[in-house]
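Colleague: Starting off with a structure, shown below.
Protein chains: 2
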Amino acid sequence: MQRLTFWFEYGSTYTWLSVARIDALAQAHGAQIEWRPFLLSAILKQRGMVEGPFAEPVKGRYMWRDLERRAARHGIAYRKPTVYLPNTLLTARIGTLAAVQGWCEPFTREVFRLHWTEDVGIGTDDNLRRALTAVGKSPEQVLQAAQSESTKQLLRAATDEAEALGVFGSPSFTVGEEVFWGDDRLEDALDFAAGRLLPATGR
Amino acid sequence: MQRLTFWFEYGSTYTWLSVARIDALAQAHGAQIEWRPFLLSAILKQRGMVEGPFAEPVKGRYMWRDLERRAARHGIAYRKPTVYLPNTLLTARIGTLAAVQGWCEPFTREVFRLHWTEDVGIGTDDNLRRALTAVGKSPEQVLQAAQSESTKQLLRAATDEAEALGVFGSPSFTVGEEVFWGDDRLEDALDFAAGRLLPATGR
Chain A
0 MQRLTFWFEY
10 GSTYTWLSVA
20 RIDALAQAHG
30 AQIEWRPFLL
40 SAILKQRGMV
50 EGPFAEPVKG
60 RYMWRDLERR
70 AARHGIAYRK
80 PTVYLPNTLL
90 TARIGTLAAV
100 QGWCEPFTRE
110 VFRLHWTEDV
120 GIGTDDNLRR
130 ALTAVGKSPE
140 QVLQAAQSES
150 TKQLLRAATD
160 EAEALGVFGS
170 PSFTVGEEVF
180 WGDDRLEDAL
190 DFAAGRLLPA
200 TGR
Chain B
0 MQRLTFWFEY
10 GSTYTWLSVA
20 RIDALAQAHG
30 AQIEWRPFLL
40 SAILKQRGMV
50 EGPFAEPVKG
60 RYMWRDLERR
70 AARHGIAYRK
80 PTVYLPNTLL
90 TARIGTLAAV
100 QGWCEPFTRE
110 VFRLHWTEDV
120 GIGTDDNLRR
130 ALTAVGKSPE
140 QVLQAAQSES
150 TKQLLRAATD
160 EAEALGVFGS
170 PSFTVGEEVF
180 WGDDRLEDAL
190 DFAAGRLLPA
200 TGR
């Protein structure tokens, strides 16, 4: 079983489905998951791609409907948040610090849970403080550390690493050099990591 | 069981997966499928959306790799075609005529099969003549009828109908006013048609 990296942007809607699903699926597959936040907007800007692909009204309405249907299919709690798109820069910096220090997963899980089930918006002071407190961290200390130059640099490096791998959306899952994009490819990624999804043809 | 409409653009890559899968899945679900071609480019232009969403190099490479992985997962024959994007206007006109006359499904199946397993490109004279002959039609007669003003108008009307339903990509599946986009939502659409995917919240 190869290691799987879960690349995510805190502001991504469909990422909530993966945050809610990945733990049980990884356990069922015997997979080890590394949680890695990055800044999707930086990659999209770099590549000249549309930011907020669901800003177009018809596609936007579709996305929200699809999201609630997918949540229902998977039995995931869902409440449409008031704010979209949230400002995720500070949360991503804290997540990056957390990834280095080993508490990214529980922190991120709580950030998303608050946003997607209690409408405590990602990026707000309330969301950050409650999520930090829930994982036993001091909000003041962490918020200070997250604004340090070294943390900012870590997030830039993580984003560069994601981009170098060919990541252009969230959630993405990488296994070695293989990229899988979208919550609906999580099972493919896990199967690939277990050596069970190997197309005959090459790239 | 509600009726499901399968809206498709002949030039769409992922649509090959649905063309290859839908028959067996519909039978398993006891679903009736209506095959309806439309012109995706007309809708994208109208909405100011990107044509050829996979023209961006990194996203394009990803799409081809994902496509072959999905084909492998579903046991679908796959050979990367030489030409992308094909010119699908004439094929769509014939498909529209076929939809009215009741032979759209076998014709479309053969058009896609030739393109995706034998590299006989969609939109080429060879593809059209072979597909028409395979379903027992006279290529000369059909090609003439497909260029008539009434057939052109039928295709425009089908595209307008798809757009009015909120379709913005291919494949799409509609059940009443409910839209599902992408081959990876085909099972959702069939479940919805059978009354098995009903989120608690409204739109």
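Chains as they are written, first to last, in numbering that gives the first Met the number 0: chain A, 0 to 202; chain B, 0 to 202.
Beta carbons are placed, not taken as given, at the ideal position from N, Cα and C, and that holds for glycine.
Assign residue 107/A to one of three DSSP states: helix, strand, or coil.
Modeller: Of the three classes helix, strand and coil, the one that applies to residue 107/A here is helix, per DSSP.
Colleague: Under 7 Å Cβ to Cβ from residue 59/B, same chain only, skipping five residues before and after it: list those, please.
Modeller: Here the set comprises 53.
Colleague: Within the 7 Å Cβ cut-off, does residue 44/A reach chain B?
Modeller: no
Colleague: Can you give me, in chain order, the residues of the segment 140–155 of chain B that have a beta carbon less than 9 Å from any beta carbon in chain A?
Modeller: none
Colleague: Please check if any C-beta of chain B sits within less than 7 Å of the C-beta of residue 74/A.
Modeller: Chain B, which has no Cβ nearer than 7 Å to the Cβ of residue 74/A, makes this no.
Colleague: With a cut-off of 7 Å, does the C-beta of residue 82/A fall near any C-beta of chain B?
Modeller: Not closer than 7 Å to any Cβ of chain B, the Cβ of residue 82/A fails to qualify, so no.
Colleague: Measure from the alpha carbon of residue 129/A to the alpha carbon of each residue in 107/A, 62/A, 5/A and 166/A, then state which is nearest.
Modeller: 107/A
Colleague: Ends of the beta strand (DSSP E) at residue 40/B?
Modeller: Looking at the DSSP string, residue 40/B is not in any beta strand (DSSP E); the run it does join, the alpha helix (DSSP H), is 39–46.
Colleague: What residues from chain A crowd round residue 61/B, counting only those whose CB sits closer than 8 Å?
Modeller: 165, 167, 178 and 180
Colleague: Which residue wins for smallest C-alpha separation from residue 167/A, given the options 27/A, 29/A and 180/A?
Modeller: 180/A
Colleague: Does the CB of residue 117/B have a neighbour CB from chain D at under 7 Å?
Modeller: In the displayed structure, chain D is absent; the protein chains listed are A and B.
Colleague: Ends of the alpha helix (DSSP H) at residue 203/B?
Modeller: The question about residue 203/B has no answer, for chain B in this structure spans 0 to 202.
Colleague: Does the beta-carbon of residue 44/B have 16 or more other beta-carbons within 10 angstroms, so that it is buried, or is it exposed?
Modeller: exposed
Colleague: Assess, as a yes-or-no matter, whether the segment 121–128 of chain A is touched by the segment 150–165 of chain A under the definition of 3 or more beta carbon pairs within less than 8 Å.
Modeller: no
Colleague: So, helix, strand or coil for residue 185/B, using DSSP?
Modeller: helix
Colleague: Using only alpha-carbon positions, find the residue among 110/B, 79/B and 27/B that is nearest to residue 193/B.
Modeller: 27/B
Colleague: For the segment 141–152 of chain B against the segment 15–25 of chain B, do three or more pairs of beta-carbon atoms, one drawn from each stretch, fall closer than 8 Å, so that the two count as touching?
Modeller: No contact exists between the segment 141–152 of chain B and the segment 15–25 of chain B.
Colleague: What three-state label does DSSP hand residue 67/B in the structure shown?
Modeller: helix
Colleague: What three-state label does DSSP hand residue 4/B in the structure shown?
Modeller: strand
Colleague: Within a Cβ cutoff of 6 Å, which residues of the same chain sit near residue 153/A, ignoring the five residues on either side of it in sequence?
Modeller: Excluding residues within five positions, the ones whose Cβ falls inside 6 Å are 95.
Colleague: For a quick check, are the C-beta atoms of residue 187/B and residue 183/A less than 7 Å apart?
Modeller: Against a cut-off of 7 Å, the Cβ pair of residue 183/A and residue 187/B comes out as no contact.
Colleague: Using only the alpha-carbon positions, how far apart do residue 42/B and residue 105/A sit?
Modeller: In a straight line, the C-alpha of residue 42/B is about 43 Å away from that of residue 105/A.
Colleague: Determine the direct distance from the alpha carbon of residue 57/B to that of residue 210/B, and round the result to whole angstroms.
Modeller: Nothing about residue 210/B can be reported from this structure: the residues present for chain B run from 0 to 202 only.
Colleague: Nearest-angstrom Cα distance between residue 127/A and residue 118/B?
Modeller: Taking the straight line joining both Cα atoms gives about 54 Å.
Colleague: Under the three-state reduction of DSSP, which class applies to residue 35/A: helix, strand or coil?
Modeller: strand
Colleague: So which of 196/B, 162/B, 173/B and 103/B has the shortest CA-CA distance to residue 48/B?
Modeller: 162/B
Colleague: Determine the DSSP secondary structure at residue 177/A, reduced to helix, strand or coil.
Modeller: strand
Colleague: Under 7 Å between C-beta atoms, does residue 57/A make it to chain B?
Modeller: yes
Colleague: Could you check what DSSP says for residue 151/B in three-state terms: helix, strand or coil?
Modeller: Reduced to three states, the DSSP call for residue 151/B is helix.
Colleague: Does DSSP classify residue 146/A as helix, strand or coil?
Modeller: Three-state DSSP puts residue 146/A in coil, outside helix and strand.
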